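The structure appears right after this line, and notes come after that.
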Amino acid sequence: MSRQIQKCTMLSGLLAASALAPVVLAKDAATVEELSRIIEQQQRQLEAQARTLETLQQQVQSLQQPQPAAAAVDTAVAKDAPGVVQSGGDRVKLSVSGQVNRGVLFTDDGKETEVFNVDNSNSSTRIRFIGELQANDDLTIGSNIEVQFESNASSRVNQDDQRNVGPNNFTERKLELYADSKRYGRLSLGQGDTASNSSSEVDLSGTGVIGYSSVSDMAGGILFRDADTGELTGTNIGSVFSNLDGLSRDDRIRYDTPSFGGVNLSTSFIADDRWDMALRFAGDFGSFKTAAAIAYADPNEDDFDSRISGSASLLHASGFNVTGAAGSDDYDDRDPDFWYIKLGYQTDSWASWGLTALAVDYYSGDEIALQGDESESYGAFVVQQLDDYGTELYFGLRNYSLDRRDENLDDVFAVLAGARAKF
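Under this note's numbering, the first residue of the sequence shown carries the number -13, and numbering increases by one thereafter.
Have a look at this one:
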């Protein structure tokens, strides 16, 4: 009986083992399959990491090598980057620059004192776009678009019109194309400086932003007042003070020779048979920095035959400087002329922010508007540069007087303070 029970027990154990075996085997097979899947996944991750490391290594090697096509890469990146200024072609370099020049003008016409918020006409608020293409080692092809926006220009506001004076829009300064060759010179076509423009305005004093030979820019619109009646006249400062500065800017074709020892010659031709020419010089002599210009212009007008203008400036290494300008016109009924002198000093040792420039000047003009007129002005100025901010702070004062036949006019006294920020 006991043997039968033992056999039954053994048989039951075998049956149980045979019943559990498939379950255990099935579980082991599933485990093996899961392990295989994990191993394959890790293998793929390792392969991907290897490819990434290889790519990074190639990039590092390429960065360590010279990049002759860097400009093209930069252009491609710029085209894909929003908000980045870019040119219309891969070979064209576009530069954007400009300035904002605002000030507060105080005037005293002998009876009333006025305060104006102005755009400083000595150097107006403006923006420019210059596109250049380097055709070869010698030749550069370029274009220049420069416009100004003068809101309440200091040369236009007056006692009767104190705000919203002048056009409320951009006005042209330069719209030109040019080809510039180191060997053959520069040819310019379009709206821009005539050859004689700025010939009366050479100035190394560092105070041109507030005072230079065009003395009417500070307060040109202010009207003189009759000293006897106290009434305003119809004569403003801008009409009787001028530096006779060439033919200004116009639609012209202009040629400038290359510089030979600091000297270059230029000429331009404008519509109506108007033309001009100018000779300029810039260079150093020992401890002196010098610059000068002289020009002749034919305006081809019925009563206006010719204009001669010139200026020169000398800056010593000590900071002391002197500037002079003069000019004359040939009219049928009168011969306007002027002369101008400025003495200045500049130093970068007074303030850590940048250069400090001081100057005083004197202007004398004859028959600028009418026969017998004598106009006179003197002024004093200070300019402080803030190098880290691309900004200049300035302060200037000027007195204007006019002697006119059969009129007794009060002097005008003006003070202008402000800032010019460049970008």
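In this text, a Cβ means the ideal position worked out from N, Cα and C, and glycines have one as well.
Since the model is a prediction, treat every value here as computed from it, not as a measurement.
What residue range is occupied by the uninterrupted beta strand (DSSP E) comprising residue i?
i, result
"residue 116", "112 to 120"
"residue 308", "306 to 317"
"residue 223", "Run containing residue 223: none in the beta strand (DSSP E); it sits in the alpha helix (DSSP H), 223 to 226."
"residue 213", "From DSSP, residue 213 is part of no beta strand (DSSP E); its letter is neither H nor E."
"residue 140", "Per DSSP, residue 140 belongs to no beta strand (DSSP E) and is neither H nor E."
"residue 130", "125 to 134"
"residue 417", "Examination of residue 417 is not possible in this model, given that the chain is present from -13 through 409 alone."
"residue 274", "274 to 284"
"residue 187", "Taken as a continuous stretch (DSSP letters only), residue 187 belongs to no beta strand (DSSP E), as it is neither H nor E."
"residue 98", "Unbroken run through residue 98: none, as it is neither H nor E."
"residue 298", "290 to 302"
"residue 203", "Unbroken run through residue 203: none, as it is neither H nor E."
"residue 157", "157 to 167"
Determine the direct distance from the alpha carbon of residue j to that of residue i, and round the result to whole angstroms.
i, j, result
"residue 231", "residue 80", "31 Å"
"residue 238", "residue 260", "9 Å"
"residue 143", "residue 268", "36 Å"
"residue 393", "residue 162", "45 Å"
"residue 422", "residue 280", "Beyond the ends of the chain as shown, which are -13 and 409, falls residue 422; an answer cannot be given."
"residue 407", "residue 380", "11 Å"
"residue 405", "residue 138", "15 Å"
"residue 63", "residue 247", "Below a pLDDT of 50, predicted positions are generally treated as unreliable, and residue 63, at 31, falls in that range; no measurement from the model is reported."
"residue 157", "residue 114", "12 Å"
"residue 378", "residue 141", "20 Å"
"residue 119", "residue 76", "9 Å"
"residue 129", "residue 359", "43 Å"
"residue 363", "residue 403", "18 Å"
"residue 284", "residue 209", "31 Å"
"residue 271", "residue 249", "14 Å"
"residue 107", "residue 87", "9 Å"
"residue 338", "residue 276", "26 Å"
"residue 366", "residue 387", "16 Å"
"residue 176", "residue 110", "21 Å"
"residue 112", "residue 83", "9 Å"
"residue 99", "residue 150", "19 Å"
"residue 148", "residue 173", "42 Å"
"residue 160", "residue 375", "27 Å"
"residue 55", "residue 78", "Interpretation of residue 55 is limited by its pLDDT of 37, a score under 50 that renders its predicted location unreliable; the figure taken from the coordinates is listed afterwards. Answer to the nearest angstrom: the Cα atoms are 15 Å apart."
"residue 345", "residue 298", "16 Å"
"residue 219", "residue 145", "11 Å"
For residue i, write down the residues that DSSP places opposite it in a beta bridge.
i, result
"residue 329", "308, 346"
"residue 404", "89, 380"
"residue 249", "246, 267"
"residue 82", "115"
"residue 365", "347, 384"
"residue 393", "390"
"residue 236", "178"
Report back the beta-carbon spacing between residue i and residue j to the nearest angstrom; my notes put them in contact at under 8 Å.
i, j, result
"residue 282", "residue 292", "7 Å"
"residue 92", "residue 303", "At roughly 36 Å, the Cβ-Cβ gap does not stay under 8 Å, so residue 92 and residue 303 are not in contact."
"residue 192", "residue 341", "6 Å"
"residue 182", "residue 264", "5 Å"
"residue 186", "residue 295", "4 Å"
Can you confirm whether the segment 113 to 132 touches the segment 157 to 177 when touching is taken to mean that 3 or more C-beta pairs between the two stretches lie within less than 8 Å?
Judged by Cβ distances under 8 Å, the segment 157 to 177 makes contact with the segment 113 to 132, as three or more pairs qualify.
Within the chosen definition, does the segment 221 to 235 reach the segment 302 to 317 through at least 3 CB pairs nearer than 8 Å?
Contact between the segment 221 to 235 and the segment 302 to 317 is present: three or more C-beta pairs spanning the two stretches fall below 8 Å.
Three or more C-beta pairs below 8 Å linking the segment 345 to 354 and the segment 316 to 327:
yes
Three or more C-beta pairs below 8 Å linking the segment 90 to 104 and the segment 203 to 221:
They touch, by the three-pair rule.
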